[in-house]
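Peer 1: Residue 77 is where the sequence shown starts when you use the numbering used here, and the numbers rise one by one after that. Take a look at the following structure, please.
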Amino acid sequence: MKTRMEEIYSSYEGKVEEIFVNESSYVYEWEKLMMIRKNNGELEKVAIGISGNIRLVNVVVGQQVNTDTLLVKLEDDLLITGCE
Numbered sequence: 077m078k079t080r081m082e083e084i085y086s087s088y089e090g091k092v093e094e095i096f097v098n099e100s101s102y103v104y105e106w107e108k109l110m111m112i113r114k115n116n117g118e119l120e121k122v123a124i125g126i127s128g129n130i131r132l133v134n135v136v137v138g139q140q141v142n143t144d145t146l147l148v149k150l151e152d153d154l155l156i157t158g159c160e
């Protein structure tokens, strides 16, 4: 099966509040990976439109992040899934 490594960067500046995955997790499209509390106090979820295996979690709870921060590396399984 073909795969491709994807790097997921933060879309927000703020602090990591909660992490739902680890380096052995399989994630589905749009599954919640983590929560980030933005500098303005809003809580935002981090999710991506691909599925695959998490290969690296590069942040910890409480860590300050910005748009240059690598959050996770994911091995995309390249499976096409349907939606309604």
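Each residue gets a CB set at the ideal place from its N, CA and C atoms; glycine is no exception. Just so we're clear, the structure is a prediction, and the values are computed from it rather than from any experiment.
Report the option in Asn-129, Tyr-104 and Gly-125 whose CA atom is closest to the CA atom of Glu-151.
Peer 2: Nearest of Asn-129, Tyr-104 and Gly-125 to Glu-151, Cα basis: Asn-129.
Peer 1: If you drop the 5 nearest sequence neighbours on each side, which residues of the same chain put their C-beta closer than 8 Å to that of Ser-101?
Peer 2: Closer than 8 Å at the Cβ level, and outside the excluded window around Ser-101, lie Asn-129 and Ile-130.
Peer 1: Note down the Cα distance separating Val-148 from Val-135, rounded to an integer number of angstroms.
Peer 2: Rounded to whole angstroms, Val-148 to Val-135 spans 8 Å at the Cα level.
Peer 1: Using the rule of at least 16 other Cβ atoms within 10 Å of the residue's Cβ for burial, across every protein chain shown, is Leu-109 buried or exposed?
Peer 2: It is buried - the Cβ of Leu-109 has at least 16 other Cβ atoms within 10 Å.
Peer 1: Helix, strand or coil for Asp-153, going by three-state DSSP, please let me know.
Peer 2: If DSSP states are grouped into helix, strand and coil, Asp-153 belongs with coil.
Peer 1: Going by C-alpha to C-alpha distance, which of Gly-125, Glu-99 and Gly-117 sits closest to Lys-91?
Peer 2: Selected option, being the one with the closest Cα: Gly-117.
Peer 1: Looking at the secondary structure, which residues open and close the beta strand (DSSP E) in which Glu-93 lies?
Peer 2: Where Glu-93 is concerned, the enclosing beta strand (DSSP E) stretches over 90-95.
Peer 1: Can you tell me whether Gly-138 is helix, strand or coil according to DSSP?
Peer 2: If DSSP states are grouped into helix, strand and coil, Gly-138 belongs with coil.
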